[in-house]
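First the structure, in the form of C-alpha cells, and then the observations on it.
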Amino acid sequence: MQVGVLALQGGFEPHLDVLRSLGVAARAVRTPRELAELTHLVLPGGESTTLHHLLTLFGMWELLRARHAAGELVVFGTCAGAILIGRAATDGARPPRLGLLDVALERNAYGRQVDSFRAELEFEGAPLPAVFIRAPRIASVGPGVRVLARHGADPVLVVGPAALAATFHPELSGDSRVHQRFLELAPSAAVVS
Ligand code: GLN
4 MQVGVLALQG GFEPHLDVLR SLGVAARAVR TPRELAELTH LVLPGGESTT LHHLLTLFGM
64 WELLRARHAA GELVVFGTCA GAILIGRAAT DGARPPRLGL LDVALERNAY GRQVDSFRAE
124 LEFEGAPLPA VFIRAPRIAS VGPGVRVLAR HGADPVLVVG PAALAATFHP ELSGDSRVHQ
184 RFLELAPSAA VVS
C-alpha cells in the first residue's frame, strides 16, 4: 500500500497528520511521478477550480482518471476533492469533474449566509463530529454507491468502487475512523463516466 495526499493547494497537511497517526507512511504528492506510485490518494479540500487547473497544468488530471479506471488507485475526496472525484449536478457546471464516483455534486450549495457550520453525524453506529466549510451538496447518488452518513436528508459521506467522498472535513474532527475506512478500500476497475 502506497498512500499519498495531493499537495498542490488546500488543506492537505491535516490529512497527512491523520494518516500518519494511523501508522501509515503518507506522502505529499505534487508530481505525476509521485502519483504513479500510489495505491491510495486523498484529494483534500481547497478550491476546486484551482485544483482542476493545477492538476491539468502538472499533467495529473488524465493520469488520475487512467490509474483509477485501470483499478490501480483508490481515491478519497473531501469537500473540493469530493467535487472533483464526482460528477457535475448540471450540464456544463465548472470545474470539470474526474467522474471517479457516481455521485453528482453541487458546489457551495449551503448558501451564502451559512457558509460554514459544525454538525454531529452518525457513522458506523457512533457520533462523528463534522465541520462543513463552504461545502458542496450531494444531489444524487448512483446505484453502485452507498451512503455512510447523512446530515438531515443529505448524504455527506458516500462510498463506491475504489472511491470515498465526504462533503465535510473528516481530517479536522479528531476522529480517524473515516480515514481508516479509506485505507480499507481496495483498488478496483471502475468507470462511471
Ligand atoms: N467551496 C469550495 C469549492 O467549491 C470547496 C470548499 C472546501 O473545500 N472547503 O471548491
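Its first residue numbered 4, the sequence shown is counted upward by one per residue in our numbering.
Glycine is no exception: its CB is placed at the ideal position from the N, C-alpha and C atoms.
#### Entry: Cβ distance (whole Å) where Arg149 is taken to contact Tyr113 below 8 angstroms
The sequence position of residue 149 within the sequence shown is 146, counting from 1. The sequence position of residue 113 within the sequence shown is 110, counting from 1. Rounded, the Cβ-Cβ distance is 23 angstroms, inconsistent with contact.
#### Entry: Val27 in three-state terms, based on DSSP
Residue 27 sits at position 24 when you count from the first residue of the sequence shown. It is coil, neither helix nor strand.
### Message
Check whether the segment 56 to 68 and the segment 26 to 44 are in contact - that is, three or more C-beta pairs closer than 8 angstroms.
### Response
yes
### Task
Determine which residues share a DSSP beta bridge with Glu109 and list them.
Counting from 1 along the sequence shown, the entry for residue 109 is found at position 106. Looking at the DSSP assignment, Glu109 forms a beta bridge with Arg140.
### Query
CA-CA distance, Ala156 and Leu54?
Indexing the sequence shown from 1 puts residue 156 at position 153. Indexing the sequence shown from 1 puts residue 54 at position 51. For Ala156 and Leu54, the distance between alpha carbons rounds to 29 angstroms.
### Query
Using CA coordinates, which residue listed in Leu11, Asp105 and Pro146 is at the minimum distance from His56?
Position 53 of the sequence shown, counted from the start, is the residue given in the question as residue 56. A check of alpha carbon separations from His56 across Leu11, Asp105 and Pro146 identifies Leu11 as the nearest.
### Message
Between Glu40 and chain B, is any beta-carbon pair separated by less than 9 angstroms?
### Response
Of the protein chains in this structure there is only one, and it is not chain B.
### Query
With burial defined as no fewer than 16 other Cβ atoms inside 10 Å of the residue's Cβ, what is the status of Leu22: buried or exposed?
Mapped onto the sequence shown, residue 22 falls at position 19. Burial of Leu22 is indicated by the presence of at least 16 other C-beta atoms within 10 angstroms of its C-beta.
### Task
Give a yes or no on whether the C-beta atoms belonging to Phe79 and Phe185 are separated by under 9 angstroms.
Start at 1 with the first residue of the sequence shown, and residue 79 comes out as number 76. Start at 1 with the first residue of the sequence shown, and residue 185 comes out as number 182. In this structure, Phe185 lies closer than 9 angstroms to Phe79 by Cβ.
### Query
By DSSP, does Leu188 sit in helix, in strand, or in coil?
Your numbering for residue 188 matches position 185 in the sequence shown. Coil at Leu188, not helix or strand.
#### Entry: Cα-Cα separation between Ala152 and Ser176, rounded to whole angstroms
Here residue 152 corresponds to residue number 149 of the sequence shown, with the count starting at 1. Here residue 176 corresponds to residue number 173 of the sequence shown, with the count starting at 1. One C-alpha to the other measures close to 15 angstroms.
### Message
Quick check on the burial criterion: 16 or more other C-beta atoms within 10 angstroms. Buried or exposed for Gly147?
### Response
As a position in the sequence shown, residue 147 is number 144, starting the count at 1. That one is exposed.
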